[in-house]
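For reference, the structure is listed below as structure tokens.
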Amino acid sequence: MMDNAPLLISAKLAGVSTVLLLMLAMPLAASLVFVRFPGRFLADSLVNLPLVLPPTVLGFYLLVLMGPEGLVGRAWARVSDGPLVFTFVGITLAAMIHSLPFAVQPLKTAFQKIDPRLLEMSAVLGLTPTATFFRVILPNSLGGMATSAILAFAHTMGEFGVILMIGGSIPGKTRVASIAIYEYVETMRYQEAVSMSLVLVGISYVVLLTVNFLNIRSRHA
Amino acid sequence: MLKVHIAKSRPHCVINVDFQCAGGQLAALTGPSGAGKTTIIRALAGLEKPDSGQIRLGNVTWFDSAEKKWVPARKRKLGYVFQEHTLFPHLTVEKNVAFSCGDETRVRELLEILGIAHLARKMTHMISGGERQRAALAQALASAPRVLLLDEPFSALDTATRARLREELKRLKKHLDIPIIFVTHDLAEARFLADSMINLALQIPAAQQSVQTAEPLSAASAFSPAHIVFNQT
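For the record, the sequence lines run as chains A and B.
Just so you know, we're using my numbering here: the first sequence kicks off at 2 and counts up by one.
Just so you know, we're using my numbering here: the second sequence kicks off at 172 and counts up by one.
Encoded structure:
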């Protein structure tokens, strides 16, 4: 009988990290598109680095940073009196970093499509850059925001390597669906592996359909 | 009084203008494509910095190269109507007009004056080009601007709509006690609307021709292609 807990942890992880990621990705994408600053090209490439890095490599470096002796791990220990690795917070942070390009790229594309004259008009009408971001840029990027959220959610749902490195496989805590599938196969519990995989395939297909629908709609807008 | 004396070098031409425009007056900026009409109006709006000179409105300096002073667009309190696409597509006509104006009465008044009150709840893609430009004009006027900048606002419209809006602008001008700068390719339109004209000739960088100034229009229109600043009432 398939245990639903890993699916629920995956969904919770994907939901929490997607919300936080959007809050981080929106100003980041806006800076990369609208602000000219030295090293913008380098920053852009850094945001995209998780796309090309093997998850185990990214996971390893995150483990070094977030471990008890790492910079982030020690800072976390001071405020929470506990470790960051092998916790839900730890895998959320790791998932956010790994999914960052999936959240930033659709937003960047949406921001780049905005007619610059609208931004100029907003400035002429007296709005600050921050007010322009909320009153002009975001309302005209709803499709990009939806795509960004969906891709980040889907990518985190299927997350494996980075989560395994940071969170291990603690049942009910850090054991997500993809790790559970791996363990089902390892222990030759193929029926459970097939059932859980089918759920992930279904989620992925619905995500792709939604993204395609949004893209078609934005092309016809 | 808006006083403008600016210069800017661009790859294909040099812009050098010196003119002024009083409240309630309309100055037309005309000239061939590439002469720098839009660059000048963008400099007035605070969207593009000239290389040198000054821009002053009354006692307030918006730009002074000697003092390294530059007031950004959002602090100039301007009305600016672009050639097209100036309305926010995610808002209704009414919300566009009210974008920078919290005064609902003023918004309703402007919608009435410009004859678009019946379109208030429509999204901007549902209205015609002429209606969009009226809405853009209402949007520009809603925040009680200190200067009104119109960058070929009627050029994308059909002849009949264009003529109608031209009449409306002339009527509106009498009630606005602010300087209006109007960019147009159409000399007849400029003559019809303007109190003074600045006709820009193409100046290639090497030529470094004379400064172009605004002159009041007089009845005896002296117009020559070589020196395009002309007079007419």
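Glycine included, every Cβ here is placed at the ideal spot set by N, Cα and C.
These figures come from a predicted structure and were not determined experimentally.
Exposure of residue i, with buried meaning 16 or more beta-carbon neighbours within 10 Å
i: N213/A; result: exposed
i: M146/A; result: buried
i: R303/B; result: buried
i: F259/B; result: buried
i: A311/B; result: buried
i: Q380/B; result: Model confidence at Q380/B stands at a pLDDT of 46, short of 50, so the residue's coordinates are unreliable and nothing is read from them.
i: M297/B; result: exposed
i: I204/A; result: buried
i: Y206/A; result: exposed
i: L52/A; result: exposed
i: L218/B; result: buried
i: N230/B; result: exposed
i: T175/A; result: buried
i: F67/A; result: Looking at the sequence provided, one finds Met at residue 67/A rather than Phe. By the 10 Å Cβ count, M67/A comes out buried.
i: K109/A; result: buried
i: P7/A; result: buried
i: F325/B; result: buried
i: T131/A; result: exposed
i: E187/A; result: exposed
Contact list for residue i against chain A, beta-carbon separation under 7 Å
i: T257/B; result: R118 and M122
Beta bridge counterpart(s) of residue i as assigned by DSSP
i: L319/B; result: G250/B and I351/B
i: F234/B; result: I226/B and W241/B
i: K179/B; result: I186/B
i: C192/B; result: L173/B
i: M297/B; result: DSSP output for M297/B lists no bridge partner at all.
i: T263/B; result: M294/B
Contacts that residue i makes with chain B (C-beta to C-beta distance below 7 Å)
i: V137/A; result: F259
i: P140/A; result: H261
Under 8 Å by beta carbon: chain A residues contacting residue i
i: L218/B; result: E121, A124 and V125
i: S271/B; result: L126, G127 and L128
Neighbour list for residue i in chain A, Cβ cutoff strictly below 9 Å
i: S314/B; result: L126 and G127
i: F253/B; result: R118, E121 and M122
### Message
With three or more C-beta pairs closer than 8 Å as the rule, is the region 124-141 of chain A touching the region 236-248 of chain B?
### Response
yes
### Query
Of all the residues that make up the region 104-134 of chain A, which are near chain B by a beta-carbon distance shorter than 7 Å?
D116, R118, L119, E121, M122, A124, V125, L126, G127, L128 and T129
### Message
Along the region 237-251 of chain B, where does the CB come closer than 9 Å to a CB of chain D? Name the residues.
### Response
Of the protein chains in the structure, A and B, none is chain D.
### Query
Do the region 186-196 of chain A and the region 128-137 of chain A meet, that is, are 3 or more Cβ pairs less than 8 Å apart?
no
### Query
Is there contact between the region 319-326 of chain B and the region 280-287 of chain B, where contact requires at least three CB pairs shorter than 8 Å?
no
### Message
Can you confirm whether the region 27-46 of chain A touches the region 57-68 of chain A when touching is taken to mean that 3 or more C-beta pairs between the two stretches lie within less than 8 Å?
### Response
no
### Query
Between the region 334-350 of chain B and the region 150-163 of chain A, are three or more C-beta pairs nearer than 8 Å?
no
### Task
Would you check if there are 3 or more beta carbon pairs closer than 8 Å linking the region 189-209 of chain B to the region 358-373 of chain B?
yes
### Task
Check whether the region 176-189 of chain B touches the region 329-340 of chain B, counting contact only when three or more Cβ pairs, one atom from each stretch, lie closer than 8 Å.
no
### Task
Pair every Cβ in the region 185-200 of chain B with every Cβ in the region 350-368 of chain B, then say whether three or more of these pairs are closer than 8 Å.
yes
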